[in-house]
Amino acid sequence: MQVRNARSQSQTKRFLPFTVLGLSGMAVSSSLFAAGFALRNHSASGVGTSLASDTVNTFDASGILANPAVMSAFKGNSISLNINYTDANIKAKNGTLTPGPQLRAGGIPGYPVVGPGSESEVSEPVVIPSIYNIYQVSEEVHVGWSFNVPYGTNTEYDNNWAGRYHGLKTELQAYDVGIHGSYKITDMIAAGISLSWQQAKGELSSAADLGAVNYAIVGAQARAGAIPPAQVPAALQAAAAGIGTNDAIGTYKGDSTAFAYGVGFLIKPWEGSRLGLSYKGQVKHEAKGDFKWGPTTAQAATTLAILSSGAVPGQNAGRFRNSDDAKLDLTLPPVASIGYAHDIVDFTVYANVTHTGWSTLKELNPEYNGQEVVTQLRWNDSVYYAIGADYRFSPEWTIRYGVGRDQSVTDTDHRTPRTPDGDRTAVSVGGSYKMGAFDFSAAFQQLFLEDTESQLNASAYNDNNGRGTFKAKYEISPSIAVVSAGYSF
-9 MQVRNARSQS QTKRFLPFTV LGLSGMAVSS SLFAAGFALR NHSASGVGTS LASDTVNTFD
51 ASGILANPAV MSAFKGNSIS LNINYTDANI KAKNGTLTPG PQLRAGGIPG YPVVGPGSES
111 EVSEPVVIPS IYNIYQVSEE VHVGWSFNVP YGTNTEYDNN WAGRYHGLKT ELQAYDVGIH
171 GSYKITDMIA AGISLSWQQA KGELSSAADL GAVNYAIVGA QARAGAIPPA QVPAALQAAA
231 AGIGTNDAIG TYKGDSTAFA YGVGFLIKPW EGSRLGLSYK GQVKHEAKGD FKWGPTTAQA
291 ATTLAILSSG AVPGQNAGRF RNSDDAKLDL TLPPVASIGY AHDIVDFTVY ANVTHTGWST
351 LKELNPEYNG QEVVTQLRWN DSVYYAIGAD YRFSPEWTIR YGVGRDQSVT DTDHRTPRTP
411 DGDRTAVSVG GSYKMGAFDF SAAFQQLFLE DTESQLNASA YNDNNGRGTF KAKYEISPSI
471 AVVSAGYSF
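So the sequence shown is numbered by the numbering used here: it starts at -9 and just counts up by one.
Here is the structure:
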């Protein structure tokens, strides 16, 4: 590749600051906690109705997760064990990456970035356990405890895929241990409260194009006269060959603990009907961990060493150094639900509306080595609607079915490859078998999502310039299977 000397020297001078700015964004570019990452499908009795029975589920002890007031409907003690198997089944297609305006102005060659634009398996299946326990203290008072995973996500792409500067690996597990209490105020109204301790652990990684940075450094050296004029064309040509192939992978790992609360009411307006109301407050996590660089080639290691040494004038070396004191503040959303159930002979019909305040996640501000890097999310609140029913065709057997509709928290201009979700329709079936004091349940849910797209514009904000404009399409077809076992005593 031939690169003209004078053009390269002058334009490299303009390009270098923007490359470094963009690179710092790439290091921790996307959300540690991805869009739409709430996990609500914990029990077979709930999943069987597509969560239409949330806030009014009195079949087993798992109902306390959505509304602690449902404990007032239980006679005696109850325990519920649940295993959830979720396969997100995400496929990325036709991914392309082109430079931002500052990189184009700098004349940096080698774009679009090479690398496969499709990934057949982005997310691995996961198994999620949960347990719920209810104790009746008196006619009016119940207490309980629970363990579940309220939030979680995992996506991972190959290190050389086209969208690597916008995201490689995202993994999150948030564990919740809760205590619950309910009080029957009257025969018509019961109130409940939940207090819980959460531990969140996460990892994110993305690549940084140190080949482009090295090209800029060579250009700056040529301009300063550090390279003999006769050798400049060959030096620039050699540096240009490394663009898009000499990456460093930045990985952030962190964990946090926080406390959460929830309140709920169960109202019986007339015989055979239940109205459930619940609210869970937002949870503020202050994650602490470390940030590490991992160069993929010898040239990337050399470039990283130059940057971290402070040898590049006007650039903050701390951006390119490892840190054992990285921080990330994150506020998990509040959730408000209203549900209704009505018994009709052997049928019970359900309806539910749940509002999740994802707008609490407008941006991320991770910090390491005294630097703050902003990643815009601009998530929106979402509303989930569901209707369902169960039919008890014998004292032992119950079947369930339900449908739900959920809104995406993001849009095409802000959908990252870390969590490429979209509007979805859920269809569920399930059933239960009672054998004395024991009950066994199973449910299956299939989610249908329209094909979604990402169009992340490099011009949207400064930290996106160095990452480039990324476009991709996604096929997403999640499926969920849950089995539960309960015991009443």
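Positions of the beta carbon are idealized from the N, C-alpha and C atoms, including for glycine.
What does the Cβ neighbour count give for residue i, buried or exposed, with the cut at 16 atoms within 10 Å?
i: S360; result: At residue 360 the sequence reads Gly, which differs from the Ser that was named. By the 10 Å Cβ count, G360 comes out exposed.
i: N342; result: buried
i: W283; result: buried
i: V127; result: exposed
i: T247; result: exposed
i: I334; result: exposed
i: Y423; result: exposed
i: T402; result: exposed
i: K174; result: buried
i: T484; result: This structure gives no information on residue 484, because the portion of the chain shown stretches from -9 to 479.
i: A230; result: buried
i: A288; result: exposed
i: S120; result: buried
Could you round the C-beta distance between residue i and residue j to whole angstroms and report it? I think they count as a contact, below 8 angstroms.
i: S113; j: G85; result: No, S113 and G85 are not in contact; Cβ-Cβ is about 16 angstroms, not under 8 angstroms.
i: N67; j: I118; result: The Cβ separation is near 25 angstroms, so there is no contact.
i: A212; j: Q188; result: Contact doesn't hold; Cβ gap of about 54 angstroms is too wide.
i: N123; j: A51; result: 6 angstroms
i: Y141; j: V133; result: 25 angstroms between Cβ atoms; not a contact.
i: G182; j: V253; result: 7 angstroms
Using a Cβ-Cβ distance cut-off of 8 angstroms, determine whether residue i contacts chain C.
i: I118; result: Within the model displayed, chain C is absent; a lone protein chain is all it includes.
Please list, in chain order, all residues of the same chain as residue i whose beta carbon is under 8 angstroms from its beta carbon, the five residues on each side excluded.
i: G421; result: G38, W387, T388, I389, R390, S431, A432, A433
i: D319; result: K274, H275, E276, A277, N355
i: P324; result: Y269, K270, G271, Q272, T346, G347, T350
i: F383; result: D336, I389
Does DSSP classify residue i as helix, strand or coil?
i: L294; result: helix
i: W260; result: coil
i: S398; result: coil
i: M178; result: coil
i: L367; result: coil
i: S372; result: strand
i: G66; result: coil
i: F27; result: coil
i: L322; result: strand
i: L41; result: coil
i: R223; result: Note that residue 223 is Pro in the sequence shown here, rather than Arg. Helix at P223.
i: S299; result: helix
i: R390; result: strand
i: V60; result: helix
i: G142; result: strand
So, for residue i: in the same chain, excluding its five sequence neighbours on each side, which residues have a beta-carbon less than 6 angstroms away from its beta-carbon?
i: P285; result: A238, A291, L294
i: G168; result: S136, S184, S186
i: G53; result: N47, V60
i: T145; result: V112, S113, T160, R408
i: E193; result: E161, K243
i: A326; result: Y269, H345
i: I296; result: none
i: Y358; result: F281, S313, A316
i: K461; result: T86, Q445
i: S33; result: S52, N72, S474
i: T415; result: R395, F438
i: A471; result: Y75, F434
i: L267; result: F255, I328
i: Y330; result: L265, A341
i: V417; result: V393, Q436
Mind checking who residue i pairs with in its DSSP beta bridge?
i: L194; result: T160, Y242
i: R414; result: D396, L439
i: V253; result: I183, Y269
i: E357; result: K317, E362
i: F434; result: V419, A471
i: N74; result: I118, V472
i: S327; result: S268, T344
CB-CB under 7 angstroms to residue i, same chain, minus the five flanking residues each way: which ones, in chain order?
i: T258; result: One point to set straight first is that residue 258 is Lys, not Thr, in the sequence displayed. M178, R264, listed in sequence order.
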